[in-house]
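Asks:
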Amino acid sequence: MFTYQTTDRKEARRFRMAQFNGRPATVRSAGATVTGRVRAIVESRSGATAAWVVTIVPDEPKAAAPAARPAPRLCFAAEDDF
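Residue numbers in the sequence shown follow our numbering, run continuously in steps of one, and reach 107 at the last position.
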């Protein structure tokens, strides 16, 4: 699990919407990018400004898809050839 803290209201709202709708959220922090499902978002009012602590469960990296087979070559003979 990945824990992220933010003081931005818009960003906190974006995480809440992602959690509610079951969509993955992406966080970019200190050069690292984490994409996953929002598990919890908790408001912390201990300081002068409101802060939110977001817990994200990272998604499994997707395996490379196998190469698709090439399309079959279809040869249409002209009507005069028959």
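Virtual Cβ for every residue (Gly too), placed ideally from N, Cα, C.
Given the structure is predicted, the values throughout are model-derived calculations rather than measurements.
Going by the beta-carbon positions, is the gap between residue 82 and residue 26 smaller than 8 Å?
Replies: Looking up residue 82 in the sequence shown gives position 57. Looking up residue 26 in the sequence shown gives position 1. Yes; because the gap between Cβ atoms is below 8 Å, this pair is in contact.
Asks: Are there 16 or more other CB atoms within 10 angstroms of the CB of residue 67, so buried, or fewer, so exposed?
Replies: Counted from its first residue, the sequence shown places residue 67 at position 42. Under a 10 Å Cβ-count criterion, residue 67 is classified as exposed, with fewer than 16 other Cβ atoms of the shown protein chains found around its own Cβ.
Asks: Do residue 80 and residue 96 count as a contact pair if the criterion is CB distance below 8 Å?
Replies: Taking the sequence shown and counting its residues from 1, the one referred to as residue 96 is at position 71. Taking the sequence shown and counting its residues from 1, the one referred to as residue 80 is at position 55. Not a contact, by the Cβ cut-off of 8 Å.
Asks: How long is the line joining the alpha carbons of residue 108 and residue 88, rounded to whole angstroms?
Replies: There is no way to answer for residue 108, as the model of the chain reaches only from 26 to 107.
Asks: With H, G and I counted as helix, E and B as strand and the rest as coil, what does DSSP make of residue 68?
Replies: What you label residue 68 is simply residue 43 of the sequence shown in a count that begins at 1. Three-state result, residue 68: strand.
Asks: Between which two residues does the beta strand (DSSP E) carrying residue 53 extend?
Replies: Taking the first residue of the sequence shown as position 1, residue 53 is located at position 28. Boundaries of the beta strand (DSSP E) around residue 53: 49-54.
Asks: Buried or exposed for residue 40, please, with buried defined as at least 16 other CB atoms from any protein chain shown within 10 angstroms of its CB.
Replies: The residue labelled residue 40 in the question sits at position 15 within the sequence shown. It is buried - the Cβ of residue 40 has at least 16 other Cβ atoms within 10 Å.
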